[in-house]
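Participant: The opening residue of the sequence shown carries number -19 in the numbering used here; numbering runs sequentially from there. This is the structure, below, for whatever I ask next.
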Amino acid sequence: MVSGRPLSVQDIRLANGSKSTSGRVEIKVLDTWGTVCSDSFGKEEADVICRMMGYP
């Protein structure tokens, strides 16, 4: 959740990757794209993002 509201799939993208399944996770909030950065963002969180985007 961002700003107290759930995100929808179109609010998430991968940017600057060498293919569609790789890249930097970005989210869109109030029509502005920003990066997700956290020292605690790991494989479990990445797996959730991938599932939200329709990847296995």
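C-beta atoms are modelled at their ideal positions from N, C-alpha and C, and glycine is treated no differently. It should be emphasised that the depicted structure is a prediction, and the values quoted were computed from it without experimental measurement.
Considering just the uninterrupted stretch of the alpha helix (DSSP H) at Lys23, what are its terminal residues?
Facilitator: 23 to 32 is the span of the alpha helix (DSSP H), which, as asked, contains Lys23.
Participant: Going by DSSP, name the residue or residues bridged to Leu(-6).
Facilitator: In DSSP, Leu(-6) forms a bridge with Val5.
Participant: Beta carbon of Asp27, beta carbon of Ile7: below 8 Å?
Facilitator: No, they are not a contact pair.
Participant: Considering only residues of the same chain and omitting the five flanking positions on each side of Trp13, which have a CB-CB separation below 7 Å?
Facilitator: For Trp13, where only same-chain residues beyond five positions count, the Cβ hits under 7 Å are Glu6.
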